[in-house]
Every structure is written in C-alpha cells, then in structure tokens.
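Notes to accompany the following structure.
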Amino acid sequence: MAERRRGSGRGRSGLGLYGAAAAVLAGLESGEGSLKTLVYGSSFQNPRLLFALVSETLRYSDVLDSILGAAGLLRIEKKLQPQLAKVLVYDLLFGKGMCGGGRGKALVLKHRARLQAELARLKVQKKVSRNEDLLPPLGAEDAPRVPRYVRVNTLKTHLDDVVDYFKRQHYSYQGKAGSMEEVSSLSGKKFFLDPHIPELLIFPPQTDFHDNQLYVAGHIILQDKASCLPAFLLNPPPGSHVIDACAAPGNKTSHLAAILKNKGRIFAFDLDAKRLATMSTMLMRAGATCYQLAHQDFLATDPRDSKYSQVKYILLDPSCSGSGMTNRLPVEENAPLPERLQALAGFQRKMLAHALNFPSLQRLVYSTCSVHQEESEDVVQDVLQQQGKDFRLVKILPSWLHRGVGAFAEAKCCLRASPKETLTDGFFVAVLERRRAGASEESSTAELPETENSTGGDACPVPKKRMKQARSAL
Ligand SMILES: C[S@@+](CC[C@H](N)C(=O)[O-])C[C@H]1O[C@@H](n2cnc3c(N)ncnc32)[C@H](O)[C@@H]1O
C-alpha cells in the first residue's frame, strides 16, 4: 500500500482521509460511479492515498464484514456509519493502526480488544496464521459466491418458527427460490427457502450466524446445501436402523437423526477421537438421541454381527481429498498427487465394498467432497462391477442438472455439486439400492424424496436436449 503522509489530505469538504474513504465506499455501494471516478472526483487532496486505502478496504471487505458482524460493532455503536466503521477497522487491524483522526476513531478504539479477538478467532477458524491468508485466493473474485445455508433442526424447532424469528430480526422472506439467478443475486437482509431440501434456508454469502442465539441453542445448523444431500437422499423412515460409517464431526448424523425424528438407531463410526468428541457435543446441542457413537474402524465391523441385522440404510462419506471445499485453495493449487488420489480411491473402494456386505442393506448413499472422478464415479463403478448384480444406481433428483461424469452410462444417475453450477461446495453423491429379486438390471428411479421442481422418473442418462431447456432452473 502507498506510503501515507498523515494529515496531508483534508479536502475542501473538510473530510479527513477516513471520512473521504467512507464516502467513496458509500458511493460505490449506491452505484454512483467506479472507484477511480469517485476517488478522483472527491475533493480529498491526496487521491493516491485515498485510492490505496479504499482499494485495500475493499480487498478485505468480506473479512471485515465477518469481523464487524461477530463483534456487533454497528449494533452497539449506533452512531457509527457502516462504511466509516469498515475503513477504520481495516486500518486498525490490517493497515497502519489508525494513526489518522476523525469522528469515528474513538468509537472504534473502545472496541479494539474485541475486534482483535474476532480477527484471531477467524484465523483459527480458517486455520491460517497470516492476515493475507484470509483473503480469497487470486482469481476467486470471479468465482460465484456460495450463499450461507441454514438447516433448520426439526428436532428442536419448526421451519415456520425459524422463518418468523428471522422476519422479526428484519430479514425479508422471499419464499422458495425459483432459479440460480435469484439465489446468486441474493443480498442484504433477504432469504429464501431452498427448492430441494425442505428445511434449508438460503441467506446471502458472508452472513454470519455463529453468534446467533438459534445457532448456539442448536435450533439451526450451519451446513452447506451439498452436505445436506446425503441424509436427505438416504431418507430412512423413522424407526430404521442406519449406519453412518464415517460420521465425525457429525452434521450428516444430526440430519439423519432429524429425518428419523429420533426414532430408530444410528450406529455412527469414526476413527478420530478428537472429531468424535466434537461430534458428541454437537449432537447433544442438536437434541439428537437415537445414536451410538463408536471410536472404531468401520472396516473392522462384522456385517454379520446380530446388532446390525436390521440395518437397511448406510451413509458412507469417507475421507477424501476435500478438493471440493470452497474454503480451500482453488483446485489447481490444491491438486493432490496422483499417488495420493490412488491411495484415497483404494481406501474408498474398500469402504464401499465392505458396506455393501451388510445383509439387510437396502439403500446406501456414497458421497465425497471431491471434484475428482477417481474418488467418486470411478469408485462407484468399480465396486458395482466387482460385487456382481445385487445393487444398482438410483436416478436421484432427475431435475438436478449437474450430473456425474465418466465413461459408464449410469454415471448420469449420480449428482455433482459445485460453486459454479449449484452455488454450493463441490460434492458428489451416488445412491445405491439393492435389486429386488427378478428386477431388471437397469438403474432404477426409486422412491426418493422429490420436490415440486423435480420432474421425477427421468430416464438416465439425462438427455442433452432437456439439460439445455432447463438450463436456468435450480
Ligand atoms: C469426510 S469426513 C466425514 C464427515 C461427516 N460425515 C460429517 O458430515 O460431518 C471423513 C471421516 O472419516 C473418518 N474415517 C476415516 N477412515 C475411517 C474408517 N476406516 N472408519 C471410520 N471412520 C473413518 C475420518 O476420521 C473422518 O472423520
């Protein structure tokens, strides 16, 4: 950032540097002109200094929104103008430490410790040590911004109550989202109902509810839409016995418990003791009771053990490269080595083959947060080929446009999700179902949760013509 000569630039309007920068930000927000036009059109005497401060504040804009929201600064200091707060907090935390003066400075300085603590908390949450690492990776500015998805925890509350709560908080409810365009242009204090997952609400990106009382009380779960698909598509009826083979930290387990209405049993396994401890706290907060946690290798379970004799449903979400997670580096920079991918795929194949050995199993969901075919379609294809003809792929959500890839025809039965195509994290989901005796070998359209938007009963693979027609439908 350009070297600042403090106090060198009070403009004709009498605004100091921070005030002038706040005025430029406000002008940008209300579409009054471009950054350059507003800076050079301002009466501030040192436009280069002003340009540098506004550009840097904008670069950190999402980070600053998170910190300001978490610290509740604007809620407490009602007289502080939002754009001025942003510039001042930028300079305090990431710039020169607020050596300038002006009317908002004292108000912000009162909260210095809290703001610094929120910055530290954000770094821990994002697992980074340097301030710059909080910034989106280069080029990510063009990537679509994934909304904040909020799953209503029906074990503790009702969708209508949560919608009413947010309305009372001055959010404006827009009903069910109808198109990708609607969701991607979501901003301000508006929110939608998701068209696929019945208890999922959609808020603008960067909305932070980590301090919200509903989140703290376990009434809402902050879970990306793609990560809600596996339990939603497994859809075990209340009373069922279900295995969650790789369960920690447990968002999908708590979703399963909600679908089961806490009636039935979830056998939840994980190898990682720390993640299991977090999961235990999270499940308690969510009010889930129908589960048994086991710190155990799923591969070491005996499918013939009588305690699993009624297990008809398995959710398998094994460790993967994580290449679909939007909070990581872009795929090219984060690409796992081919050997690592092969090792992961070998493990995933073993896990899937093992799961299919449970004698009463009727339906299994296999999911990964990976963008790599090797960990997804290829695993499903290989295991289905090896295990004979007992299981087949189910055509899930026929109206979902982003389908599985790969050489085998049934790949189109599977779902893919990505920031660009579905405004979610990158994800893969396949649903396998045991063939009924005498049933044909084709993939099936099983009784799975569908929504009004779905056409249901589509042939698989999805014909190209239909894909084009429905291009902008969610
Ligand atoms: C992708 S994460 C699961 C996320 C989880 N389903 C959720 O929604 O919160 C994969 C998990 O598999 C666990 N894991 C890896 N190998 C395992 C094994 N052989 N048996 C059980 N769990 C295993 C890891 O410890 C990790 O917690």
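Going by full-length UniProt numbering, the first residue of the sequence shown is number 1, and it counts up by one from there. Every residue, glycine too, gets a C-beta built ideally from N, C-alpha and C. None of these values were measured; they are calculated from a predicted model.
Residue i: CB within 7 Å of a non-hydrogen atom of ligand 1
{"i": "D317", "result": "yes"}
{"i": "D272", "result": "yes"}
{"i": "F269", "result": "yes"}
{"i": "G72", "result": "no"}
{"i": "S227", "result": "yes"}
{"i": "residue 559", "result": "Past the edges of the chain, shown from 1 to 474, lies residue 559, and the structure says nothing about it."}
{"i": "G250", "result": "yes"}
{"i": "L38", "result": "no"}
{"i": "D425", "result": "no"}
{"i": "A355", "result": "no"}
{"i": "D297", "result": "yes"}
{"i": "C99", "result": "no"}
{"i": "A257", "result": "no"}
{"i": "R275", "result": "yes"}
{"i": "Q343", "result": "It is worth fixing the name first, because residue 343 is Ala in this sequence and not Gln. Not so, every heavy atom of ligand 1 lies at least 7 Å from the Cβ."}
{"i": "A245", "result": "yes"}
{"i": "C320", "result": "yes"}
Residue span of the beta strand (DSSP E) that contains residue i, given as start and end
{"i": "Q213", "result": "Note, Q213: premise wrong, no beta strand (DSSP E); alpha helix (DSSP H) at 213-216."}
{"i": "H158", "result": "Element bounds for H158: n/a, residue is neither H nor E."}
{"i": "F391", "result": "391-393"}
{"i": "A417", "result": "415-417"}
{"i": "F191", "result": "190-193"}
{"i": "F232", "result": "Segment 225-234 is the alpha helix (DSSP H) holding F232; no beta strand (DSSP E) there."}
{"i": "V152", "result": "148-152"}
{"i": "S367", "result": "363-368"}
{"i": "V183", "result": "Run containing V183: none in the beta strand (DSSP E); it sits in the alpha helix (DSSP H), 180-184."}
{"i": "L222", "result": "220-222"}
{"i": "V201", "result": "Correcting the residue identity first, residue 201 is Leu in this sequence and not Val. Start and end: 200-203."}
{"i": "D244", "result": "241-244"}
Bounding residues of the alpha helix (DSSP H) (the contiguous stretch that carries residue i)
{"i": "A430", "result": "Unbroken run through A430 is the beta strand (DSSP E), 427-434; no alpha helix (DSSP H)."}
{"i": "L17", "result": "17-29"}
{"i": "S129", "result": "No alpha helix (DSSP H) contains S129, which DSSP labels as neither H nor E."}
{"i": "A353", "result": "338-355"}
{"i": "residue 557", "result": "Look at the range of the chain in this structure, 1 to 474, and you will see that residue 557 is not part of it."}
{"i": "G175", "result": "Run containing G175: none in the alpha helix (DSSP H); it sits in the beta strand (DSSP E), 172-176."}
{"i": "S55", "result": "47-59"}
{"i": "L384", "result": "377-386"}
{"i": "T37", "result": "35-41"}
For residue j and residue i, believed in contact at Cβ under 8 Å, the rounded distance
{"i": "A294", "j": "A268", "result": "7 Å"}
{"i": "I220", "j": "V162", "result": "6 Å"}
{"i": "P236", "j": "V242", "result": "5 Å"}
{"i": "I67", "j": "L119", "result": "6 Å"}
{"i": "K225", "j": "L200", "result": "6 Å"}
{"i": "L107", "j": "E132", "result": "About 27 Å; that fails the 8 Å criterion."}
{"i": "L222", "j": "F209", "result": "6 Å"}
{"i": "L58", "j": "A21", "result": "Contact doesn't hold; Cβ gap of about 10 Å is too wide."}
{"i": "residue 536", "j": "D211", "result": "This structure cannot settle anything about residue 536, because the visible part of the chain is limited to 1 through 474."}
{"i": "residue 486", "j": "L93", "result": "Shown here, the chain extends from 1 to 474; a query on residue 486 therefore has no answer."}
Residue of the options minimising C-alpha distance to residue i
{"i": "L423", "options": "L74, S227, R435", "result": "S227"}
{"i": "K190", "options": "H196, Y173, A177", "result": "Y173"}
{"i": "I314", "options": "G426, L107, P230", "result": "P230"}
{"i": "Q292", "options": "C246, R416, A70, L107", "result": "C246"}
{"i": "K412", "options": "S187, K420, V394", "result": "V394"}
{"i": "residue 531", "options": "R114, D272, K105, P147", "result": "Outside the modelled stretch of the chain, which goes from 1 to 474, sits residue 531, for which no answer is possible."}
{"i": "E377", "options": "G406, L200, E199", "result": "G406"}
{"i": "G388", "options": "E410, G426, A353, W400", "result": "A353"}
{"i": "E374", "options": "R435, R349, P359, Q362", "result": "R349"}
{"i": "H196", "options": "W400, A273, E421, F427", "result": "W400"}
{"i": "Q213", "options": "P204, L186, Q169, S240", "result": "Q169"}
{"i": "C369", "options": "K252, R392, D133, A286", "result": "K252"}
{"i": "T154", "options": "L50, A52, N262", "result": "N262"}
{"i": "P204", "options": "P198, S185, L80", "result": "S185"}
{"i": "G19", "options": "K36, T37, S43", "result": "S43"}
{"i": "G95", "options": "I76, L49, A23", "result": "L49"}
{"i": "L260", "options": "L283, M279, C290", "result": "C290"}
{"i": "L233", "options": "L17, A23, L432", "result": "L432"}
{"i": "K420", "options": "R145, I396, D208", "result": "R145"}
{"i": "L17", "options": "V124, K105, L364, S309", "result": "K105"}
{"i": "A343", "options": "M98, H402, V128, V379", "result": "V379"}
{"i": "R103", "options": "L256, L84, A430", "result": "L84"}
{"i": "R416", "options": "A257, Q116, Q381, V371", "result": "V371"}
{"i": "D270", "options": "S321, A345, I202, M351", "result": "M351"}
{"i": "H111", "options": "P318, L88, G404", "result": "L88"}
Closer than 7 Å: residue i CB and nearest ligand 2 heavy atom
{"i": "L109", "result": "Only ligand 1 can be found as ligands here, which leaves ligand 2 out of the picture."}
- Message: Suppose only complete runs of 3+ residues qualify. What are the beta strand (DSSP E) ranges in the segment 255-298, listed by chain order?
- Response: For the segment 255-298, the continuous beta strand (DSSP E) assignments of 3+ residues that do not extend past its boundaries occur at 265-270, 291-295, in sequence order.
- Message: Suppose only complete runs of 3+ residues qualify. What are the beta strand (DSSP E) ranges in the segment 73-135, listed by chain order?
- Response: None, since the segment 73-135 contains no complete beta strand (DSSP E) of that length.
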